[in-house]
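Counting in the working numbering, the sequence shown runs from 234 upward without gaps.
Cβ coordinates follow ideal geometry from the N, Cα and C atoms, glycine included.
Shown next, in structure tokens, is the structure this report addresses.
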Amino acid sequence: MRTHFRVALLTATLCAATALPAQAQAATDSHLEGQLPSGATYLMDIPADWNGTVLLYSHGYSPAGLPNPAQNAPGSANRDKLLAEGYALIGSSYATSGWAVTEAVPDQLATLDLFTEKFGTARRTLAWGTSYGGFVTTTLAERHADRFDGSLSMCGLVQGGVANWNSTLDPVYALKTLLAPDADIPLTGFADQAEAVGAADALATKVTAAQQTPGGRARIALAAALHNIPGYNDPAQTEPGPTDWQAQQANQYPAVMGLLRLPAFSWRQEAEARAGGSMSWNTGVDYTAMLGRSPLYKEVGELYKEAGLSLRADLTALNHAPRVSADATAVRWMRDTSAFTGRLTDPQLNIHTTGDALIPVQAESAYRRAAGAAGSGALLSQAYVDAPGHCTFTTGETLGALRTLEHRLDTGRWDTSPATLNSRAQQEDPTTEARYVRYRPTAYPRPYDRAHPGDARP
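Structure follows, in structure tokens:
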């Protein structure tokens, strides 16, 4: 996944292991690029004065059919600073793109094995990743704890796969029910990408028209609330006032359209193809209760009042419209490959921006719930950056989080107060203000973990 639903198209060709050009060798002792037996490519940078710590980076979601190069850091600024400080950086492309967890995890482990073979056993091994890569990182932390000392998930999809796809279904179900009740627009079970894209286009046409009317905007806000899309979710936006409902909805609208164009249909179809059917359902879901738990409830209510519409009537329509059922086989596949247990053996730090529309900050509540139920709560710490957008951390905020994880490993104690995190972030990047704040996200709309899958069943 990528910030603001854009996909960075990286077209560098990765070849067999070669030396870095001479002008860069002063900075790194070794730079290796190559291919794993799976077909995935790998990338390794090891400084001449390696400090003994290796960071295994898991990159974000790459849509099927687009370039999928290996990455070993979340951006060049982070990479350059870490190399200068002596860290070894490694990562793979994953053998396939899309919902590639069954390839990503073994490819990342194979990259770590290759690093160890070439450079020896690290003093400390940390897993870290952004967005979908945060999901891969947490999978590594839960299922291969013996390989790592700790992990850092940044804006991660830590609610897990089942919860993610269920929560992605809810807003499009609301939009179809309220804006296109008689249209033949499938929401799951796509035969191929063409059908998924056609369904997305058909629903997007209805949403575009609805945005022109007060009632349509109220209904779009309702759909956004079911996915907890905040009213300030892009650094390019002007931050609305706390009761500027119209401005908040105007900011939500492009995020809703982005959800339609990519995750809810196109990306879903690719995941369904892997799972062998539809892994999502909304049978048994009470949308009145779900909206009541949303931090956007007040906005929705006020917009409905302004439009002269009955919110109760629309919620009744959602609760009585035909529901979507899942394929049990597909749910089992997604559960077995992509749902979490919450069982941690080593410390994990999660950081998230508060204004994330792609992976809403409430995902952290889902993982906190799972870790608490599994008895791993003391090993998990979560911290929040007061900023709009997906993964819009500064270099300082990212490296400050890494320092905080290392401090936990060195001392056995978490110190994740905003003041401490901001101080560490400023030390890493004095030129940019750090934005960690004290924050507690509301509950994830539909949590699902392997031990306690939740009330609504397929």
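In the three-state reduction of the DSSP assignment, residue 418 falls in the coil class.
A distance below 8 Å between beta-carbons, with the five flanking residues on each side excluded, links residue 407 to the following residues of its chain, in chain order: 452, 455, 456, 459, 520, 551. With the rule of 3 Cβ pairs closer than 8 Å, the region 584 to 595 counts as touching the region 669 to 686. Per DSSP, the unbroken beta strand (DSSP E) holding residue 279 starts and ends at 274 to 279. Sequence-distant partners of residue 498 (beyond 5 residues in either direction) whose C-beta falls short of 7 Å from its own C-beta, in its chain, are 429, 430, 432, 433.
The alpha helix (DSSP H) runs lying completely inside the region 545 to 612 and spanning 4 residues or more are 561 to 571, 596 to 606, given in chain order. Residue range 426 to 443 is occupied by the alpha helix (DSSP H) that includes residue 440. Sixteen is the threshold: when 16 or more other Cβ atoms of the shown chains lie within 10 Å of the Cβ of residue 532, as they do, the residue is buried. Counting along the chain, the unbroken beta strand (DSSP E) around residue 267 starts and ends at 263 to 268.
Residue 621 places its beta carbon less than 8 Å from that of residue 468.
If only uninterrupted alpha helix (DSSP H) runs of at least 4 residues are considered, those enclosed by the region 620 to 657 are 628 to 644.
For the alpha helix (DSSP H) assignment, the uninterrupted runs of no fewer than 4 residues enclosed by the region 476 to 525 are, from N- to C-terminal side, 478 to 494, 501 to 508.
In the assembly as shown, residue 553 is an exposed residue. Its beta-carbon has fewer than 16 other beta-carbons within 10 Å. Secondary structure at residue 385: strand, using DSSP grouped into helix, strand and coil.
Following the DSSP letters along the chain, one finds residue 400 inside the alpha helix (DSSP H) bounded by residues 394 to 412. A straight line joining the alpha-carbon of residue 600 with that of residue 289 spans about 21 Å. Note on geometry: alpha-carbon atoms of residue 652 and residue 643 lie some 20 Å from one another. For the pair residue 584 and residue 658, the CB atoms are not nearer than the 8 Å cut-off. DSSP places residue 299 outside both helix and strand once states are collapsed to three, so it counts as coil.
Here residue 307 is buried. Its C-beta has 16 or more other C-beta atoms within 10 Å. Around the C-beta of residue 364, 16 or more other C-beta atoms lie within 10 Å, and the residue is accordingly described as buried.
Taking every protein chain shown into account, the CB of residue 586 has 16 or more other CB atoms within 10 angstroms, so this residue is buried. Residue 464 counts as buried, since no fewer than 16 other beta carbons sit within 10 angstroms of its beta carbon. Bridge partners of residue 615 according to DSSP: 583.
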